[in-house]
Every structure is written in structure tokens, then in C-alpha cells.
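Residue numbers (our numbering), protein chains in the order written: chain A, 7 to 301; chain B, 369 to 648; chain C, 12 to 433. In this text, a Cβ means the ideal position worked out from N, Cα and C, and glycines have one as well. Data block below; observations after.
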Amino acid sequence: MGHEASIFRVERKLGLAFTLPIFILIFILMGFPFAYTIYLSFTNKTVGMPAQFVGLANYISIFTDSTYWRVFMNTVIYTVICIVVKLVFGMLFALLLNESFHGRSITRVAMLLPWAIPGMVAANTWKWMYNDQYGIINEILRDLHIISTPIPWLGSMGLALFSVMIVNIWRGIPFFLFSILGALQSIDDQLYDAGKIDGANVFQRFFNITLPSIMPVVAISTLLSTIWTFNDFDNIWLITGGGPLNASSVIATYTYEQAFMYNDMGTGMAVAVSIIPVLVILMVLVTKHRSSENG
Amino acid sequence: MKSLKHIHTAKRIFIYVAAVLGILWSCFPIYWMIKSSLTPNDEMYELHPSLVPSRLTLDHYKQLFTQSEFMTFFLNSVYVAVITTLIAIVLAILASYAMTRLRFKGRNFIRKAIFYAYLLPTAVLFIPMYQLVSKLGLINNKNALIIVYQTIVIPYACYMLISYFAAIPKSLEEAAFVDGCTHLKALVKVILPIAAPGIAVVATFSFTMSWNEYLYAMVLMTSPSQQTVPVGISSFRYSDNMIWGLIMSSSFIASLPAVILYMFAQRFMVTGLAAGGVKQ
Amino acid sequence: MKKAFKVLAVAAMLAICVSGVFASGSAESDKLIIWDKSEYVGAYNELAKARFEEFCAENNVEGEYVIVPPNDLRQRLYAAIEGGNPPDIVVTDDFMAKQFAGMGQLADVSDIKTSLPFIQAGINVSYCEDGDFIVPIAMLAPGLYLRTDKWEAAGLDYPTTWEELREDARIVNDPANDFYALGYPMGTSGGGDAEGMCRAVILAFGGVPVDVDGNVTVNSPETLEALKYIASLYEEGLCPPSAITWDDMGNNTAYLAGSVGVIQNSGSLYSQLREENPELFANTIILPFMQGPAGSFAPTGSNCFIIFTNGGSVDMAKKYVTEFFDMDFYKNLVIQMGGMWQPVIEGAEDDPFWEDPENAGWLANSLGGVPNTYPAPVNDATNRAFSEQVCVRAVQKIVLQGMDPQQALNELEADFNRILGK
Numbered sequence: 007m008g009h010e011a012s013i014f015r016v017e018r019k020l021g022l023a024f025t026l027p028i029f030i031l032i033f034i035l036m037g038f039p040f041a042y043t044i045y046l047s048f049t050n051k052t053v054g055m056p057a058q059f060v061g062l063a064n065y066i067s068i069f070t071d072s073t074y075w076r077v078f079m080n081t082v083i084y085t086v087i088c089i090v091v092k093l094v095f096g097m098l099f100a101l102l103l104n105e106s107f108h109g110r111s112i113t114r115v116a117m118l119l120p121w122a123i124p125g126m127v128a129a130n131t132w133k134w135m136y137n138d139q140y141g142i143i144n145e146i147l148r149d150l151h152i153i154s155t156p157i158p159w160l161g162s163m164g165l166a167l168f169s170v171m172i173v174n175i176w177r178g179i180p181f182f183l184f185s186i187l188g189a190l191q192s193i194d195d196q197l198y199d200a201g202k203i204d205g206a207n208v209f210q211r212f213f214n215i216t217l218p219s220i221m222p223v224v225a226i227s228t229l230l231s232t233i234w235t236f237n238d239f240d241n242i243w244l245i246t247g248g249g250p251l252n253a254s255s256v257i258a259t260y261t262y263e264q265a266f267m268y269n270d271m272g273t274g275m276a277v278a279v280s281i282i283p284v285l286v287i288l289m290v291l292v293t294k295h296r297s298s299e300n301g
Numbered sequence: 369m370k371s372l373k374h375i376h377t378a379k380r381i382f383i384y385v386a387a388v389l390g391i392l393w394s395c396f397p398i399y400w401m402i403k404s405s406l407t408p409n410d411e412m413y414e415l416h417p418s419l420v421p422s423r424l425t426l427d428h429y430k431q432l433f434t435q436s437e438f439m440t441f442f443l444n445s446v447y448v449a450v451i452t453t454l455i456a457i458v459l460a461i462l463a464s465y466a467m468t469r470l471r472f473k474g475r476n477f478i479r480k481a482i483f484y485a486y487l488l489p490t491a492v493l494f495i496p497m498y499q500l501v502s503k504l505g506l507i508n509n510k511n512a513l514i515i516v517y518q519t520i521v522i523p524y525a526c527y528m529l530i531s532y533f534a535a536i537p538k539s540l541e542e543a544a545f546v547d548g549c550t551h552l553k554a555l556v557k558v559i560l561p562i563a564a565p566g567i568a569v570v571a572t573f574s575f576t577m578s579w580n581e582y583l584y585a586m587v588l589m590t591s592p593s594q595q596t597v598p599v600g601i602s603s604f605r606y607s608d609n610m611i612w613g614l615i616m617s618s619s620f621i622a623s624l625p626a627v628i629l630y631m632f633a634q635r636f637m638v639t640g641l642a643a644g645g646v647k648q
Numbered sequence: 012m013k014k015a016f017k018v019l020a021v022a023a024m025l026a027i028c029v030s031g032v033f034a035s036g037s038a039e040s041d042k043l044i045i046w047d048k049s050e051y052v053g054a055y056n057e058l059a060k061a062r063f064e065e066f067c068a069e070n071n072v073e074g075e076y077v078i079v080p081p082n083d084l085r086q087r088l089y090a091a092i093e094g095g096n097p098p099d100i101v102v103t104d105d106f107m108a109k110q111f112a113g114m115g116q117l118a119d120v121s122d123i124k125t126s127l128p129f130i131q132a133g134i135n136v137s138y139c140e141d142g143d144f145i146v147p148i149a150m151l152a153p154g155l156y157l158r159t160d161k162w163e164a165a166g167l168d169y170p171t172t173w174e175e176l177r178e179d180a181r182i183v184n185d186p187a188n189d190f191y192a193l194g195y196p197m198g199t200s201g202g203g204d205a206e207g208m209c210r211a212v213i214l215a216f217g218g219v220p221v222d223v224d225g226n227v228t229v230n231s232p233e234t235l236e237a238l239k240y241i242a243s244l245y246e247e248g249l250c251p252p253s254a255i256t257w258d259d260m261g262n263n264t265a266y267l268a269g270s271v272g273v274i275q276n277s278g279s280l281y282s283q284l285r286e287e288n289p290e291l292f293a294n295t296i297i298l299p300f301m302q303g304p305a306g307s308f309a310p311t312g313s314n315c316f317i318i319f320t321n322g323g324s325v326d327m328a329k330k331y332v333t334e335f336f337d338m339d340f341y342k343n344l345v346i347q348m349g350g351m352w353q354p355v356i357e358g359a360e361d362d363p364f365w366e367d368p369e370n371a372g373w374l375a376n377s378l379g380g381v382p383n384t385y386p387a388p389v390n391d392a393t394n395r396a397f398s399e400q401v402c403v404r405a406v407q408k409i410v411l412q413g414m415d416p417q418q419a420l421n422e423l424e425a426d427f428n429r430i431l432g433k
């Protein structure tokens, strides 16, 4: 009994000592910017002028604005589709690159590259490739006689959001791929051997052994990537600027437009803060599931 | 036996086809980037772009290293990204171990709460962050980036490491405790070797996150002596024209460290597995 | 166990101390800081830097010359203003400068404006209702770039009116071979090229978005015709399909790629052409803006100085700005920009350089321009209407959503009223 208590005391002290540094770094450092942003969302702040408290006025004005809801829907569509595609392909390629075959190392490095180049460059390179006249994508499609007239990837209401999604997916697959690969490599081979002896086929082994082992990583990668995709700014801003006519606007670009292009920080911050509840609910759902798993 | 072999060959073919498709998909834009960095200016824009340039030039690279301050940016980035990653990984390993293995008050609170660092995009946080860093007197001091980047890297590193650690059976550690190991020793001797592949991935990604961060670096650092690579690349844009040759050549160089780091980290992945196996 | 604690305590302390130990930033209030615009013509930044350093040495002040790419300026300046330490002097374009005029951050520069012989175009372009805060450095006249080879091949004379331009465009247009006659960007994401083009056409057709007294007068048959005209350029496929989302860079790259026959741009592309593509340069002519029933209007910008009162060295900053216009230095600086900049000081155009026909063309264009928000008073509201690109949105609605032009115009009027009513 006394032994148990002393272990618990040690764990308590160690636990605090181990988590204190990140607590200090994250909470102290983010505390002010976070609180200040929320405060500004209740004011009529513009750059260079003092802020005046306006209550819920900013929120009322954005929630009654049809553009906001359109942008919100764009964000949801953008996030859901990108995440599903990134997760599926990330998982498939992780399983692939966990097999041993000639050229595996080079394939791994090649598939890491999209994540390794700066976002600004990726966005501009794709924008160039998407160009309807001198872009390589249309050129190749025409050479292959798949299309006869160039496709306006970024200029049509229906395609703009789709086109920026492709870029997000391209940049995001390596994140899922390598996170899951890291988890796959930590799985004990003996589990598979045992499975083989029991006569489990490939799919049974995947669903009974692989998936449960990598599930925590999959859940967290999905959560993190969802947040990042939700707040994705560079990609869309640099490729379409949210256009045409807000067809590819998402919350992050809309925030920026309001706060900095039109110098209406109060409204801009309200747009950014308005999606926090969505993200928190998402996080609670994922971590709740996770905690119950660990017991 | 024959059908098994048949399945095996089919599987091989499938793997190679998928790998080739994966490489094409990932590398085509990269190829375009490298191609542009080697294309002379007068061929940069063509109505009918060709996959292979008719002439190659190293002029852009020459200009990059002789006429711009790219080397300064590069060294600054190496400094910032390496130290940021080291600090973040050490702190995140300790914290993640605590949050998966130790019972203490506030554990769940901290675990949930570190997440809040991600709720607002940097596109709105940069102004208050500037005010904070300014109060600390660290504007235009690249060390400020090391501190600020912790808010970007640590939540990611913690969450990923928590999930990697959680997948490791507790029985392995308990054996070590019986042998008289302390928690720290158990962490170093048992958990780290098994989780090495995961840690290698987290380190690589942490590095690229701090390497590629643009907005904070651009706002917080004002002189070239303190600026990082993404800010340097962005300076090859003027109001309405882009110097593609310089942008693409600098981007190519900028993507190398992450690749090298990953190739280096891959060794850990193999030893990680082996070490884990030996421990069994 | 104690050992573990010690290690951890050290780790924790390290993390906390990181911030303290690294604190070595110095308070730099008496330093003279200038944020200059990065220019494609490298000679500019070299000359300006040398000039600034020379000034600091002469006056025995510590100075810092910082080059800021135009795309990064807004974020950096906003952060610096909110952090309470903006630079002393900022070089930017007048449109951006005017957005800072209403913030109560800028120093009054009327003394500089009266002590130097600025030309009227320079005075006009730097005027704003909130006060005299902007010192023009140089005019950035827009020109109409036209492919002479294409026009000659079709046996056409160069157009002078918007109507002629459209008629010529229908002949020159060759989408099957990826050549479009016109390259007007119509996206809302970057710069002011698109909105400037819309305003130019509306004014030329006799429409007046907002009149001199600040009344919204956009809803007129003339504006309707102008909107229909602009929309037709896209609907008839005279511009590339993606032009509807181009930012200010779109027209530059399209022209460099040889995929469009006409664009509107400042002299920046002219410099790039000369440098990077001599063949295309030889096939390019710069024309004045097209005429409409009501005349020709070219929204013309400028580069300018603004001085921040919070920078802490207002007097020294003013002294530098005044001495910047030293005739020998200034004249040479503008000429170094190769026609892309036009002088704002009387007498600075007195050089053989400006007698060269091409340069004379740029010079003439610079004198006849109008401010972006013409003829409305220049203030926060009219500037915001321009930066929200309301006219561009109206055109996009007609082209992309097939909206009835009159309906789009009604909504445009509502947009103006919303912004100016604020």
C-alpha cells in the first residue's frame, strides 16, 4: 500500500515536471495572442486606431451575411473532401511503402517532397501549371487528345475550388503517409506471424491487427490535418485569391480579406473566432474516443 | 503453390505500378520547379511549354549565390529549424511520456488544452504575436522564432508522440521496472527505441514546419541578417512580376535539407525496428 | 530518481530561460529607419541606399535601410503600427499610403510639399481629404501595351477608342492557336489593375461612380453600357477564360508568354521585357489609353513617401525626404528606372532621355492621369470601395453568373451605398 502511494507520488511529481515546460511555452506564449484576438472580435478595431467595445455587433453582422455562410460551406466542403482523399491515399501509400521492394527508399523520399517545399512556391508552381494557355496541364491533356479546348481550371465557378483542393491534397498526402508509416513500423512483427498461423487472410490481418495498432495515429493525424486544412490560407490566397466571386473563398481567406485588405479587424477576428466551436467539438469527439480507448 | 506464386507476382506488379504512379504524382510539380530553375529567362514563358527545355542554364543558381543574400537566409533557417526541432522534440517526448504513462492531476487537462494553440490561424495571430515579441525586446532577433515556433511544433509533436507511445504495450516497460529501472531510464531504454520510427517522422515534419514557416518570420524579422529562407524566396517577387528563375532555384535548394534529414532519419527507422526486436 | 528530477529541472529552467537569455534586442527610438520598396530595377535600391547612408553620415544619425517587397508591406506595417514601433519613413504606392492616412499615424508633410516645386499631377495623385500626408516620389504611368506584329499581320491601324479596340480584337483574336487579343485581369485578389480598368472604361463611357461631392451616381445608362462593354470582352472570348481570376501578375505573364495581344500595365513590364525578351520588346508599342464618348481616363498611381509620427524621428525624416529631391540625384534616379518612373519635380524632365519618343510617351501619359477614385473625394470610404473592387465584382456577376447587367448595376449601386454610408 505504502509502495503504491510512493509510486503515485513519484508519478505525480514527474508528470508535472515533464509537462511543465510545454505548459509554459504554449500557454504563456499563446495566452496573450489568443485572448487578445477573441477580445478584438467584440470591438470595432481597425489598425492604428484604439478599439471600442461593440458587443456582438460583429457576430450579428457576419451571421446575417449570406457571403459568410457561403464561405463557411466552401470551407466544410474543402476540408471534408481534402481530408478523406488525403487519408485514403496516405494510408494506401503507407501500406505500400511498408512492403519491401526495390526502390522503396527512393519512392519514400520522392513522396516526401511535396511537403518539403515552401507553401508559397508550391502554390505558385501549381498556379503556373494550371494556366489555361501556357500551363503544362492543359498542354499535356491536349497532346493526349483528351481535351480539345483548354480547361479554365482557376477561372470557372465550378472548378476553382476543386483545383485548389488538388493542391492541398498534393501537399497533404505526405503528412498522412509518413505518420501512418511511422506507426506501421512500430507494430510488432510477431503479431502478424501469429495471425498467419491462425490462417487470417490479408484483409483479416489488416482489420484485426494493422488497423487497431495504427488507429491512434490515424485519428490524431486526421484531427491535426483537419485543423490545418480548415485554416489553410496560403494555398487558396495565392492561387485564386478566393475567387471568382468567392467560389473558392474559405474562412481563412475571408478573415484575411476583412481584417487586412479592408482594415476591419473587428469583423475579421469575429470570422476567425466564429469557427473555434466547430474545431473544439471536433477535438472533443476525437480525444474522447481516444481516451476511452486507453482506459 | 503455383497460384500462390501467381498472387505473389500480381502483388509485385501492383506494388511497382502504384509506386511509379505515386512518384509521378508527387514529383511532377517538383520536376516543373527544377526545370524552370534551369530554363533561361527568354524561354521561361512559352505558349506551348515543353516538358524538356531546349537549353539549360545554371545562371539562376549563379545569381542566387553571388548576387543575393540567400546564403545568409539559408544559414539562419538551418539555425532556427535545427534548434526549434531539438527543443520541441525533447520537450514533447517528456510531455508525451508523462501524458501516456504517468498518472497525475491535470493530465487530461493539459492533454486537451495544448490543442488550443491551433484554434486560430497564424494569419490572425501575427499582430498580437508581434506585440508580445516586441515587449520581450526580441524583434529582429532570430532566436525569437525559435520560441514562437514552439507554439506551432509542440502541439503537433505531442499529439503524434502520444499516439505512437500509446501503441506500445505497457508490459515491456513493466519488465524494465522489475529490473529496477526508473521512469526516465525506461523511457530511454524501452520506449524510445521502439518509437524511433515515429520520432524520426515527427522530427522531420517538425523541421519542415519551422523551415517553411513564412508569416511570423516575415513579420518578426526585419533585416536580412535575421531573415529565413521563405522570406528570402518571397523577396524575389516584385509588385507585379516574379523572378521565376530565382524563385525556383532557391526553392529547390530550400527543399534539400528536409530530404537529407529524412534520408538520415530513415536509418533510425531500421535500427528502431531492430532495437525493438532485440528488446523483446 | 533525484537525478531525474535534476535533469528535468534543468530542462524546464532552460525552456523558461530561453526567452530571458536571448533577450538582446535594443530599443531603437533615435535610429532613423526607412522601409524602401524593392524594385525590379536593382539600380534603384542601390542608389537609394547609398543616398540614405550618405545622409545619415552627414547628419550624424544612426540609420537603417530596409528593403521590403511590396507584397509583404501591409502585414509588416500593420504589425509594426500595432506594436507601437513603425519605421520613420515608408516608401510605397499612393493607394496603399492613402489607407494609412485615416489612421492618425502619419506626419503632416505640407511644409515639404510647399518647399519643393512638385508638378500638378504629383500634387493630385498624393491628395487626400484626411490631410497632407503623402510626398510623391515618381509617377507610375500606365500604358497600353500592344503587339505590333499581330496588328500588322491583320493589316490594322492601331486603335484609339475602346470601340475600335474591341473591333480590332475580334479580328486579331485566335483562340484556336492560343492567342487572345486582350489580356485584362478581372480577379479580385491582387492589386488594383482590374478595378482600375473598370473605372477607366466607366469614366470613358461617361459614367461617374461617385461624384465630386461623394454622392453615389453609378446607376446611369452610361455605366450600364460600360459594364456591358467590359463583360463582352470576356463573353466573346476576347480575353483568356482564366483572366476572370487573374491578379496583377496574370497580365504580365500572359504577355511575356506571347499569349495575349494587348495589356494595360505600368512601366514595370517594359523594363522586364527589355531585359529578358528583346524579341518581344521589339514587337511592342506603348499606346495612350483608349478614348470613349466622354474622353480618356487613365487611373495613374505613384510611388511616395509617408512619415510615421510614432517612428520618433519626424524632423530628421522630413529632412531626408526634402534632400532626396536634390536635382542631380533625383533626375538620375528617375532616368535609371528607364522610363518606368516619371518625375514629379518641375525641371527633372529636362534631359535628353525624355526626348526619346518612347520615354516621351511615358512622360506624357504620366501627366494626364487621374487618381483611382476619380472624381470622388479621396477618403477612407471611397478608397475602401476601390479596394473592395466593387466594379470588378459587378462584371464577374454578369460574366460568370449570367446576371442581367442592369441587375448587376443595381447591386453595384447598393455596394457603393453600403460602403459610403458607413
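In angstroms with no decimal places, state the Cα-to-Cα distance between residue i and residue j.
{"i": "A:F209", "j": "A:L217", "result": "10 Å"}
{"i": "B:I495", "j": "B:T590", "result": "15 Å"}
{"i": "B:F632", "j": "B:P523", "result": "24 Å"}
{"i": "C:G269", "j": "C:E290", "result": "11 Å"}
{"i": "C:A38", "j": "B:V597", "result": "Because the pLDDT of C:A38 is 44, which lies under 50, any placement of that residue in the model is unreliable, and the number read from its coordinates should be weighed accordingly. One C-alpha to the other measures close to 26 Å."}
{"i": "C:A61", "j": "C:D47", "result": "12 Å"}
{"i": "C:V219", "j": "A:W121", "result": "50 Å"}
{"i": "C:V403", "j": "A:G247", "result": "14 Å"}
For residue i, which residues in chain B fall below 8 Å Cβ to Cβ?
{"i": "A:R211", "result": "The premise fails here: A:R211 is roughly 14 Å from chain B at the closest Cβ pair, so nothing lies under 8 Å."}
What residues of chain A sit near residue i, judged by a beta carbon separation below 7 Å?
{"i": "B:F604", "result": "The contacting residues do not exist; B:F604 stays about 10 Å from chain A at best."}
{"i": "B:M412", "result": "Those within 7 Å of B:M412 in chain A number zero; the least Cβ separation is about 10 Å."}
Answer with yes or no whether the minimum CB distance from residue i to chain A is below 8 Å.
{"i": "C:M114", "result": "yes"}
{"i": "C:T256", "result": "yes"}
{"i": "B:Y630", "result": "yes"}
{"i": "B:K538", "result": "no"}
Are the Cβ atoms of residue i and residue j separated by less than 8 Å?
{"i": "C:M338", "j": "C:V52", "result": "no"}
{"i": "C:I255", "j": "A:G161", "result": "yes"}
{"i": "C:I318", "j": "C:F111", "result": "no"}
{"i": "B:M401", "j": "B:S619", "result": "yes"}
{"i": "A:I226", "j": "B:Y527", "result": "yes"}
{"i": "C:N71", "j": "C:M327", "result": "no"}
{"i": "B:S574", "j": "B:I457", "result": "yes"}
Give me the chain C residues within the contact set of residue i, using Cβ-Cβ distance strictly less than 8 Å, ordered along the chain.
{"i": "B:E542", "result": "What B:E542 touches in chain C: nothing, since even the nearest Cβ is about 18 Å away."}
Please check if any C-beta of chain B sits within less than 8 Å of the C-beta of residue i.
{"i": "C:L157", "result": "no"}
{"i": "A:G274", "result": "yes"}
{"i": "A:V82", "result": "no"}
{"i": "C:G36", "result": "Here the model assigns C:G36 a pLDDT of 40, short of 50, so the residue's position is not dependable and the matter cannot be decided."}
{"i": "C:T234", "result": "no"}
Taking C-beta pairs closer than 7 Å, name the residues in chain B that residue i reaches, listed in chain order.
{"i": "C:A90", "result": "F494, I495, Y498, V587"}
Hey, does residue i have any beta-carbon neighbour from chain C nearer than 8 Å?
{"i": "A:Y74", "result": "no"}
{"i": "A:V127", "result": "no"}
{"i": "A:A278", "result": "no"}
What residues from chain A crowd round residue i, counting only those whose CB sits closer than 9 Å?
{"i": "B:F441", "result": "What B:F441 touches in chain A: nothing, since even the nearest Cβ is about 12 Å away."}
### Query
Looking at chain A, which residues of the stretch 69-87 of chain C have a Cβ within less than 8 Å of any of its Cβ atoms?
Hits within the stretch, in order: R85, Q86.
### Query
Can you list, in chain order, the residues of the stretch 454-471 of chain B whose Cβ is nearer than 8 Å to any Cβ on chain A?
The residues in question are L459, A460, L462, A463, Y465, A466, M467, T468, L470, R471.
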